[in-house]
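Structure record follows, encoded as structure tokens.
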Amino acid sequence: MKRRYYLSLDRLLPLIVYMLLVLTILLMRFFLPWDEYTVLISATLMLLMPLIMNGRVVDLKWSLRGVLMGLCVSAVILFAYFIVFACYAMFAEKSVSIRQLSYSFILMQLLLIALPEEIFFRGYLQRKIGNNVRGVIIVSFLFALAHLVTLCIGGDRSLSVCIQAALTFFPSLVMGYLYVVSGTLWASVLFHFFANIVHIALILS
Numbered sequence: 158m159k160r161r162y163y164l165s166l167d168r169l170l171p172l173i174v175y176m177l178l179v180l181t182i183l184l185m186r187f188f189l190p191w192d193e194y195t196v197l198i199s200a201t202l203m204l205l206m207p208l209i210m211n212g213r214v215v216d217l218k219w220s221l222r223g224v225l226m227g228l229c230v231s232a233v234i235l236f237a238y239f240i241v242f243a244c245y246a247m248f249a250e251k252s253v254s255i256r257q258l259s260y261s262f263i264l265m266q267l268l269l270i271a272l273p274e275e276i277f278f279r280g281y282l283q284r285k286i287g288n289n290v291r292g293v294i295i296v297s298f299l300f301a302l303a304h305l306v307t308l309c310i311g312g313d314r315s316l317s318v319c320i321q322a323a324l325t326f327f328p329s330l331v332m333g334y335l336y337v338v339s340g341t342l343w344a345s346v347l348f349h350f351f352a353n354i355v356h357i358a359l360i361l362s
């Protein structure tokens with residue numbers, strides 16, 4: 158009986174940590190200006206949670222196979238995304254343009270967005286909930302929910318932002334699957350990074 162209680166608590170704890178993290182970021186978005194400093198605080202919290210709960214960050218070991226897998230999957234999926242985006246632009250009678258991004262912004266997307274989010278959602282949550290198909294789906298739902306809460310409720314409440322936040326469920330499935338098959342976070346980090354850059358850089362005009 159005690160063992161069953163322990164197992165249920167062990168499975169519940171990552172969800173409690175997740176809710177506390179999302180609530181903290183939501184409160185920051187409500188009461189603090191959302192700038193590079195609050196982004197840094199948010200990233201630090203995501204990096205610290207696995208250290209606090211596990212004592213270490215796992216699966217950040219260098220893996221050439223994981224890096225190559227992340228690059229190849231990014232190239233294939235994001236090329237398909239670009240084709241769909243271009244077709245939509247043609248249908249809507251608009252042109253596709255590329256927004257110029259600063260080096261500091263690109264670096265921030267890697268170090269303060271993609272890396273900490275993958276460490277928390279894949280390296281911590283997915284490992285705890287289950288590093289399998291079921292775990293990938295559950296964590297992807299939590300990933301999209303976190304974006305909905307922080308970007309839609311805590312930020313711009315426009316329909317387009319809320320839809321984009323909800324749609325993060327689908328790239329999260331790819332990130333989760335990459336983590337399962339590669340055994341390293343670098344594959345999912347690279348896809349996360351390139352997906353963010355491509356999504357932000359492509360605009361309709």
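Quick note: to get our numbering, add 157 to the position in the sequence shown (first position is 1). Note that beta-carbon positions come from the ideal geometry of N, C-alpha and C, so glycine has one too. Keep in mind it's a predicted model, so treat the numbers as computed, not measured.
In the three-state reduction of the DSSP assignment, valine 215 falls in the coil class, being assigned neither a helical nor a strand state. Between the alpha carbons of serine 317 and valine 331 lies a distance of about 22 Å. Leucine 324 carries a coil assignment under DSSP once its states are collapsed to helix, strand and coil.
Membership of leucine 359 in any alpha helix (DSSP H) is not indicated; the residue belongs instead to the beta strand (DSSP E) covering 359-361. DSSP places serine 259 outside any alpha helix (DSSP H), giving it a letter other than H or E. Under the DSSP assignment, glutamate 275 falls in the alpha helix (DSSP H) whose first and last residues are 272-275. Going by DSSP, cysteine 244 is part of the alpha helix (DSSP H) stretching over 221-248. The beta carbon of threonine 195 lies closer than 8 Å to those of Met185, Arg186, Leu189 in the same chain, with the five residues before and after it left out. Listed in chain order, the alpha helix (DSSP H) elements of length 4 or more contained wholly in the region 286-353 are 290-304, 316-323, 326-339.
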